[in-house]
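Worksheet for the structure shown next.
In the numbering used here, the protein residues as written are 2 to 133.
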């Protein structure tokens, strides 16, 4: 078994490199626990991995040449169960998450929130850069 976890749309997540980077998490008996791969993985990489696992040929040239995070896999299966850990509330608080179907949801506060991917808002979080 192999569980693959990716975001459906990484545009809203900002990190220190690029606002369009996304996560790729793999879980299964042949996946190295706690390992962070330096391999660049794209959507084509995920498709190539799926085709490889299922024994299917690639659909196009992008799938055929995409990099694979093969360093994340081990030839020896580890059957130990995974431990479910609660979320770190400093990073994500499920109680404060958006609940639009809650009758008490404050739609006016949502309308007054910052515009997503606003360049000025993103620059405000960075230290001043010297002029070139």
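Glycine residues also receive a C-beta, built at the ideal position from the N, C-alpha and C atoms.
CB of residue i within 8 Å of CB of residue j, strictly
{"i": "residue 73", "j": "residue 27", "result": "yes"}
{"i": "residue 47", "j": "residue 4", "result": "no"}
{"i": "residue 38", "j": "residue 70", "result": "yes"}
For residue i: DSSP bridge partner residues
{"i": "residue 5", "result": "27"}
{"i": "residue 74", "result": "32"}
Segment limits, alpha helix (DSSP H) that includes residue i
{"i": "residue 45", "result": "44-55"}
{"i": "residue 111", "result": "108-112"}
{"i": "residue 63", "result": "62-66"}
{"i": "residue 123", "result": "120-125"}
Nearest-angstrom beta carbon gap, residue j and residue i [assumed within contact, 8 Å]
{"i": "residue 133", "j": "residue 75", "result": "At roughly 46 Å, the Cβ-Cβ gap does not stay under 8 Å, so residue 133 and residue 75 are not in contact."}
{"i": "residue 1", "j": "residue 35", "result": "Missing from the structure shown is residue 1; the chain here goes from 2 to 133 and no further."}
{"i": "residue 129", "j": "residue 122", "result": "With a Cβ gap of about 16 Å, residue 129 and residue 122 do not count as contacting."}
{"i": "residue 58", "j": "residue 49", "result": "Residue 58 to residue 49, Cβ: 10 Å. No contact."}
Would you check if there are 3 or more beta carbon pairs closer than 8 Å linking the stretch 63-73 to the stretch 91-106?
-> Because the criterion of three Cβ pairs below 8 Å is not met, the stretch 63-73 and the stretch 91-106 do not touch.
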